[in-house]
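J.: The structure is given below, and queries will be raised subsequently.
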Amino acid sequence: MASSIETRNLLGSALAVLLTGAAFFAMFRSMDRSSAAVADRFQVNLALQALEQALSNLTDAETGQRGYLLTGQKAYLVPYERGKIEAAQSLDTFLTQGAALGLAPHDLDDLRSRSVLKLDELRRTVNLAQEGHREEALAVVEGGEGHRSMEEIRLLRDRMRQMLLARRATSESVIHDARTSTRRALFGFGGLALLCLGYSLWALHRDIRLRTAAEKALAASEAKFKALADHAPVGIFEMDLDAHRPYINGTLCELAGLSYEEGMREGFRHRIHPEDLERVLSHWSQVRASGTPSLLEYRYILPDGRVRWVESRAAAVPGQDGQATSFVGIVVDQTERREASEALLAANQELESFAYSVSHDLRAPLRHIDGFVALLRKSLGESADSRASHHLEVISGAARQMGALIDDLLSFSRMGRAEVRKTDLDLGALVRRVVDDLGPDAAGRDIEWRIGELPRVHADPALLRLALLNLVGNALKFTRGRSPARIEISAASLGAAVAITIRDNGAGFDMRHADKLFGVFQRLHRQDEFEGTGIGLANVARIIHKHGGQVAAEGAPGEGAAFTFTLPMEAP
Amino acid sequence: MTDLKRILLVEDNPNDVELTLAAFEEHRLANEVVVAHDGEEALDYLFRRGAHAERLPGNPAVVLLDLKMPKVNGLEVLEAVREEPSLRSLPIVVLTSSREEPDLERCYALGVNAYVVKPVDFRDFIRAVGHLGVFWALINQPPPGSLQANG
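Line by line, the protein sequences give chains V and U. Going by our numbering, the first sequence wraps up at 572, each residue one higher than the last. Going by our numbering, the second sequence wraps up at 723, each residue one higher than the last.
Have a look at this one:
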């Protein structure tokens, strides 16, 4: 936008200048022509004047001559003498000017010779009269010769006068034209020039206005970001390629234990932990060279000796040519995160050793209970009645149940802490292996297996196997009363995920209690109906949730159950 | 004549000792069973020192070794035995309550011959001990140097 205004401005100004130049050029040309015509007109006027003067002088001389001839008074000789001399002078002047003006030479010669003849005639007659021959002199005059010659001169004068007047008219029309064209040039070009100038000025004004507005907007935006950055809870910096920092915020200085002045003056290098310094510097020079965003963890040593872990993230700011001219980044205090993760690790360790000792120390007494009950039964032998036998059986059973609970609890707890290591695996093959592993539980029974097309999935093989063992094992367990037992394993695609369903025709469950199914130690059947600790499905739920999937179940008492879990498809 | 081979049972809990012996009886295994009540006793016996300095030379056919014991525990016994050239090939079966992976890993790394978890269910326990006894004491050929009973 701005540059088009600049262009318009430039064009307008240039045009104005050109038009002004054209106006001046036109005016100068007119003036030139005009002044030539003026000079010419002046010359013509002079010539006209001289011509009239000459005639007038001649007339005066003639008049003097006549008067003298007629009256004989010497007073008339004065105008004659004067006229004679002045006529000669003005005639000379006129002839020169006329020649300069380009009058026909033959006309000029004609005038001269006639004038000379005339003057000669006057001189003769005057001389005659002066010598006493006045009568003779008068005879010449009355003969009409003098009158005629003067008439001829007058005619000649009229003709030349016409020519001069015509010439003067031409000059005047040139002058008039020049004036017109000057006026036209002035108003025409000049007017246009002014318009262009006006336009340029308007464009300039608009440009300035826009730029001022843009500058204000920029200043406002910068102020906003500065306020944001100054008060952000993380360190913010801008760094140029020579590691100078034109901008740092207060939080950054706090993190490094520096005052603002120190930070700006000395930088932050001296606060970096000596063990991290080399790594940080080499990382930075790499980033500067490649311009790629960086992520780096390192330590500051604070003035009081404390160590603070921070994470810095920086990205390059591209300049006009796409090359990085500076870096902007944030520095985040990692203390909390590290403390939390350390605490978590410690807690996990504690849990690990707790689970370990629990599993070992709790099992031993249980084993003893069961073992010695068996020994007791043996030593009682035949003398044990059915009631005593039953009591002993209960004690053993309870001990065994507790053992199973401990095992399940332990594995559930371990599951919670286990890392999910996903890999691409063939679900069909895994299911078939699980079915094989459950072979002993299926031995001797009439079971219809319906295993559909199962896709490849992205999951932790060990954990998924456990989940499947649980689900298929449950199906086997709860179909114990059925013959044939039908167990169906199928898969359906949900676009971004796949849903696997294990359906059986076993004992089923009441949907009203469905929300308890996946709870820890929750059972929907009595121990004497179907054995179990109620942790299997809780384990399944945990495993599937760790994979980012969902679990669901539906069923009806006596009509079997269907358990479905989903696994998200990993984006390739 | 079948030579009955000696079994060394290393177990700190007297109840477990009793149950194990009862299990042996159940299977009518008549082998001599020597009991060490902790790791130190076991090492004393195997290295023929301390209280057992005077015993006749010769190794048991198999050692049933518990892991969790006071003073010197099962892993330490295992380590010490495997470092001793004369005892390196001694068959050792770890018999323990622990099913923990680290224990399994460590034991196999130290060269245990077998690892059996003591089941809570006594019937299973009898079966397991019986299998062990039958295999190691009757079927398996121990390395040379095993003591004959009442030699």
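Think of the CB as a built atom: it goes at the ideal place given N, C-alpha and C, for glycine as much as any other residue.
1) Distance check for Ala681 of chain U and Gly723 of chain U, CA to CA, integer angstroms please.
2) Which residue's Cα is closest to the Cα of Leu573 of chain V: V:Pro484, V:Asp109 and V:Ser413?
3) Is there at least one non-hydrogen atom of the ligand MG closer than 7 angstroms to the beta-carbon of Phe565 of chain V?
4) Using the three-state DSSP reduction, which class does Thr501 of chain V fall into: helix, strand or coil?
5) So which residues of chain U does Asp370 of chain V contact, with C-beta pairs closer than 7 angstroms?
6) Quick check: the region 374-394 of chain V against the region 413-430 of chain V, are at least 3 beta-carbon pairs closer than 8 angstroms?
7) Compute the Euclidean distance between the alpha carbons of Arg41 of chain V and Arg33 of chain V, then round it to the nearest angstrom.
8) Quick one: what's got a C-beta closer than 7 angstroms to Ala137 of chain V's C-beta in the same chain, skipping five residues either side?
9) Count the other CB atoms within 10 Å of the CB of Ala721 of chain U; is the residue buried (16 or more) or exposed (fewer)?
10) To test your reading of the DSSP string, which unbroken beta strand (DSSP E) runs of 3 or more residues are found completely within the region 105-161 of chain V?
11) Can you list the residues of chain U that Ser359 of chain V reaches, using a CB-CB cut of under 8 angstroms?
12) Let me know the secondary structure DSSP gives Lys224 of chain V once reduced to three states.
13) Gly717 of chain U: which of U:Leu659, U:Val589, U:Leu667 and U:Gly646 sits nearest, CA to CA?
14) Do we get a CB-CB distance below 8 angstroms when we pair Ala556 of chain V with the residues of chain U?
15) Do you know offhand how far Ile330 of chain V's Cα is from Tyr298 of chain V's?
16) Since Ser670 of chain U and His360 of chain V are thought to touch, with beta carbons under 8 angstroms apart, how far apart are those beta carbons, to the nearest angstrom?
17) For a test of the three-state rule: what should DSSP assign to Pro233 of chain V, helix, strand or coil?
18) Count the other C-beta atoms from every protein chain shown that fall within 10 angstroms of the C-beta of Met573 of chain U, then say buried if there are 16 or more, exposed otherwise.
19) Phe697 of chain U CB to nearest chain V CB: under 8 angstroms?
20) Straight-line CA distance for Leu608 of chain U to Val394 of chain V?
21) Would DSSP call Glu554 of chain V helix, strand or coil?
22) Can you look up Met573 of chain U in the DSSP assignment and give me helix, strand or coil?
23) Residues in its own chain within less than 6 angstroms of Val644 of chain U by CB, not counting five upstream and five downstream?
24) Closer than 6 angstroms by C-beta to Asp276 of chain V: which residues in its own chain qualify, once you throw out the five before and the five after it? Chain order, please.
25) For Ser171 of chain V and Val44 of chain V, which I take to be in contact (beta-carbon distance under 8 angstroms), what is that distance rounded to the nearest angstrom?
26) How is Pro568 of chain V classed by DSSP in three states: helix, strand or coil?
27) By how many angstroms is the C-alpha of Ala50 of chain V removed from the C-alpha of Gln89 of chain V?
28) Does the region 467-485 of chain V come within contact of the region 439-451 of chain V, defined as at least 3 CB pairs closer than 8 angstroms?
29) Nearest CA to the CA of Thr335 of chain V: which residue from V:Glu350, V:Leu344, V:Trp309 and V:Gln320?
30) Please classify Lys640 of chain U: does DSSP put it in a helix, a strand, or coil?
31) Do the region 102-118 of chain V and the region 154-174 of chain V touch if we need at least three Cβ pairs shorter than 8 angstroms?
32) Residues in its own chain within less than 6 angstroms of Ala686 of chain U by CB, not counting five upstream and five downstream?
33) May I ask you to report which of helix, strand or coil DSSP gives Ile535 of chain V?
34) In the DSSP assignment, the beta strand (DSSP E) including Glu448 of chain V goes from what residue to what residue?
T.: Per the coordinate set shown:
1) With a pLDDT of only 38 at Gly723 of chain U, under the threshold of 50, the placement of this residue in the model should not be trusted; the figure read from the coordinates follows. Distance between the alpha carbons of Gly723 of chain U and Ala681 of chain U: 34 angstroms.
2) In the structure displayed, chain V extends from 1 to 572; residue 573 of chain V sits before or after that span and is not available.
3) No copy of the ligand MG occurs in the structure displayed, which carries no ligand at all.
4) strand
5) Val692, Asp693 and Phe694
6) no
7) 12 angstroms
8) Leu69, Thr125, Leu128 and Ala129
9) No answer about Ala721 of chain U holds up, because its pLDDT of 44 lies below 50 and its placement is not dependable.
10) none
11) Ser669, Ser670, Arg671 and Glu672
12) helix
13) U:Leu659
14) no
15) 13 angstroms
16) 5 angstroms
17) coil
18) Here Met573 of chain U scores only 29 on pLDDT, less than 50, and its place in the model should not be relied on; the value that follows carries that caveat. Met573 of chain U comes out exposed.
19) yes
20) The sequence as given places Ala at residue 608 of chain U; Leu does not occur at that position. So the alpha carbons of these two residues sit roughly 34 angstroms apart.
21) strand
22) Legend: pLDDT at Met573 of chain U = 29, less than 50; position of this residue unreliable, no value from coordinates given.
23) Gly611 and Glu612
24) Tyr298 and Arg299
25) 7 angstroms
26) strand
27) 9 angstroms
28) yes
29) V:Trp309
30) coil
31) yes
32) Val665
33) coil
34) Ile447 to Ile451
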